[in-house]
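Quick notes on the structure that follows.
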Ligand SMILES: NC(=O)c1ccc[n+]([C@@H]2O[C@H](COP(=O)([O-])OP(=O)(O)OC[C@H]3O[C@@H](n4cnc5c(N)ncnc54)[C@H](OP(=O)(O)O)[C@@H]3O)[C@@H](O)[C@H]2O)c1
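As structure tokens, this is what we get:
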């Protein structure tokens, strides 16, 4: 079953950079209305300008998704201007890298607010209408960390496990309703993610493991349009995530045990 992107009203969060901005490029050629949401208004306006010749009418709605009233007002503004949302893409998110014991509570709170609460709130807000109309689509951006786990990303991993379990359960629950739920589980993608997450080490992700935001967005939209349950873009990420899922937990515990010790020894930086 295909989600109603063609000629539909599509609401995309986290469109000001990275995977979201790249997805906007693909969606603008298909949708009737593409609503682009993030906090950085200037970025959204520049994107809208770049998409001015595309098929879709672009609606720029700056919104801080940690603010529930503002998020509600944003959805109401879309409905008032263009009618109900046909497709919701919950892409906005952030991570945190480092020892949880040394992490900032404010950042943890923000991660939960954006990665979990806003995603759940938006889905809860638009889903009843989709079910009533018997058509709709929800693409939730989880992560390879939604399917596996790793130290130094503990709270982020937990938020993405929420997204993956929620998406899988909801997809099954909506079977036969006309609403498609797909989750995107990328490995490393070259975006502003690492900068926002604050990598405390001088270790960089090897190029062969990392894909571009455009590659990720193309695979995501292709899988979503085919009604796939889970999309893992890129062969290397697919292999790494599959290995992580197939490896027994006790082996992963043994392999990962030195990582936390190393970070604590180095005062949280992980640098030797
Ligand atoms: N890059 C990776 O390696 C990777 C891997 C797996 C999964 N992911 C997931 O992919 C998604 C997109 O991330 P990305 O890699 O494209 O990173 P990114 O370039 O940092 O983009 C994150 C987007 O989320 C938006 N956002 C963050 N906080 C927000 C808030 N409070 N309100 C509204 N929007 C907010 C940002 O916009 P503003 O700052 O303008 O608000 C930005 O548009 C995230 O869910 C991330 O967890 C990324």
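Residue numbers (this note's numbering): 62 to 333.
Note that CB positions come from ideal geometry on N, CA and C, so glycine has one too.
Just so you know, the alpha carbons of residue 300 and residue 142 end up roughly 44 Å apart. Excluding residues up to 5 positions away in sequence, 292, 294 lie with their Cβ nearer than 7 Å to the Cβ of residue 280 in the same chain.
Set against 7 Å, the gap from the CB of residue 198 to the closest heavy atom of ligand 1 is not smaller.
With a cutoff of 7 Å, residue 260 does not count as near ligand 1, since its C-beta is closer than that to no heavy atom of the ligand. Annotation: residue 183 to residue 132 spans about 8 Å, alpha carbon to alpha carbon. The residue among 113, 210, 161 with its C-alpha nearest the C-alpha of residue 322 is 161. In the assembly as shown, residue 271 is a buried residue. Its beta-carbon has 16 or more other beta-carbons within 10 Å. Residue 250 has 272 as its beta-bridge partners, per DSSP. Secondary structure of residue 187 (DSSP, three-state): helix. Put simply, of 212, 251, 261, 248 the residue whose alpha carbon is nearest the alpha carbon of residue 313 is 212. The DSSP assignment places complete alpha helix (DSSP H) segments of no fewer than 4 residues inside the segment 134-206 at 166-172, 180-194, in order along the chain. Your pair residue 139 and residue 72 checks out as a contact, with CB atoms roughly 6 Å apart and the cut at 8 Å. Residue state for residue 264 is assigned as coil, using DSSP reduced to three classes.
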